[in-house]
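One structure below.
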Amino acid sequence: MARFLAGAACAGIVERVVSGTLPAGTCEADPRASVPELVARVAEEHGLGSEAATLYLQLLAMPNPTDRRVRAWNRWNAAAHKAAVAELVTKGLVLEEKRPKSGRGIVLAGDWHKARNEPGSRPMEYWKIRLLNELGLSEHSDWPAIPLPELFEAAWKKAGSTPPV
Numbered sequence: 047m048a049r050f051l052a053g054a055a056c057a058g059i060v061e062r063v064v065s066g067t068l069p070a071g072t073c074e075a076d077p078r079a080s081v082p083e084l085v086a087r088v089a090e091e092h093g094l095g096s097e098a099a100t101l102y103l104q105l106l107a108m109p110n111p112t113d114r115r116v117r118a119w120n121r122w123n124a125a126a127h128k129a130a131v132a133e134l135v136t137k138g139l140v141l142e143e144k145r146p147k148s149g150r151g152i153v154l155a156g157d158w159h160k161a162r163n164e165p166g167s168r169p170m171e172y173w174k175i176r177l178l179n180e181l182g183l184s185e186h187s188d189w190p191a192i193p194l195p196e197l198f199e200a201a202w203k204k205a206g207s208t209p210p211v
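Structure below.
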């Protein structure tokens, strides 16, 4: 945590909050607040509503998007979250599956990395591990060491219009 607080990602978030770029009462991890134009592109590309596009970007980019965290970041209740999940499942962008220790009920298609019995290890899609490692980030941290708008853009660029495998 101390490394994050002293790093560029935290400084970038604080700068965005102070500058007013990030709307008051929103969270940097909510792409509707941090990269609204990207949410619109994702929604258009896949024929999604804003909420489903938001969740899809979080699943692509965030190291540990548990259901609880997603609801907090987006200020969603369970019904709003469930509706976004249903839309992504209907479009075939995610699979409705529970994976041990993931804290979520949906996953991206493809191979899955199981959590090891070591501190910081968590289960996640191999696709996401490769993305984070390409960006010089660790899959073991809860919060990436780069500003989230950059992470969302990189994840979308890598995924493009084709769901990752």
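Converting from the sequence shown to my numbering requires adding 46 to each position, the first position being numbered 1. Glycine included, C-beta positions come from ideal geometry on N, C-alpha and C.
By DSSP, does V131 sit in helix, in strand, or in coil? If you number the sequence shown from 1, residue 131 lands on position 85. It is helical.
In three-state terms, what does DSSP make of E171? Position 125 of the sequence shown, counted from the first residue, corresponds to residue 171. It is a strand residue.
Taking the C-alpha atoms as reference points, what is the distance between V88 and A99? Numbered from 1 along the sequence shown, position 42 holds the residue referred to as residue 88. Numbered from 1 along the sequence shown, position 53 holds the residue referred to as residue 99. Taking the straight line joining both Cα atoms gives about 6 Å.
So which of N179, E143, E90 has the shortest CA-CA distance to G206? On the sequence shown, position 160 is the one that residue 206 refers to. For the residues N179, E143, E90, the minimum Cα distance to G206 belongs to E90.
Under 8 Å by Cβ, that's how I've got H92 and K137 pegged, so tell me the actual separation to the nearest angstrom. Translated into positions along the sequence shown, residue 92 becomes position 46. Translated into positions along the sequence shown, residue 137 becomes position 91. So it is a contact: roughly 6 Å between Cβ atoms.
Using the C-alpha atoms, what's the distance from L194 back to F50? As a working note, residue 50 is residue 4 in the sequence shown. As a working note, residue 194 is residue 148 in the sequence shown. Cα to Cα, the separation comes out at about 13 Å.
Can you check DSSP and say which residues form a bridge with E142? Taking the sequence shown and counting its residues from 1, one reaches residue 142 at position 96. I152, per the DSSP bridge assignment.
DSSP beta-bridge partners for W158? Reading the sequence shown from its first residue, position 112 is the one you call residue 158. Its beta-bridge partners are E171.
Just list the alpha helix (DSSP H) runs in the region 65-108, keeping only unbroken ones of 4 residues or longer that don't cross its boundaries, in chain order. 77-80, 82-92, 96-107
Along the chain, where does the alpha helix (DSSP H) that runs through A200 open and close? For this step, residue 200 is matched to residue 154 along the sequence shown. Unbroken alpha helix (DSSP H) run through A200: 194-205.
Check each candidate in G71, A79, D157, T72 and name the one with the smallest Cα separation from R176. Sequence index remark: in the sequence shown, residue 176 carries index 130 (1-based). Checked all of G71, A79, D157, T72; the closest Cα to R176 is D157.
Start and end residues, alpha helix (DSSP H) containing A48: To locate residue 48, count along the sequence shown from 1; it is residue 2. Here the alpha helix (DSSP H) through A48 covers 48-51.
Assuming contact is defined by CB atoms lying nearer than 8 Å, are P109 and P169 in contact in what I supplied? One-based indexing of the sequence shown puts residue 109 at position 63. One-based indexing of the sequence shown puts residue 169 at position 123. For P109 and P169, no; Cβs fall outside 8 Å.
Secondary structure at A124, three-state DSSP: helix, strand or coil? The count along the sequence shown starts at 1 and reaches residue 124 at position 78. Here A124 sits in helix by DSSP.
Given 8 Å, three or more beta-carbon pairs between the region 71-86 and the region 142-155: no
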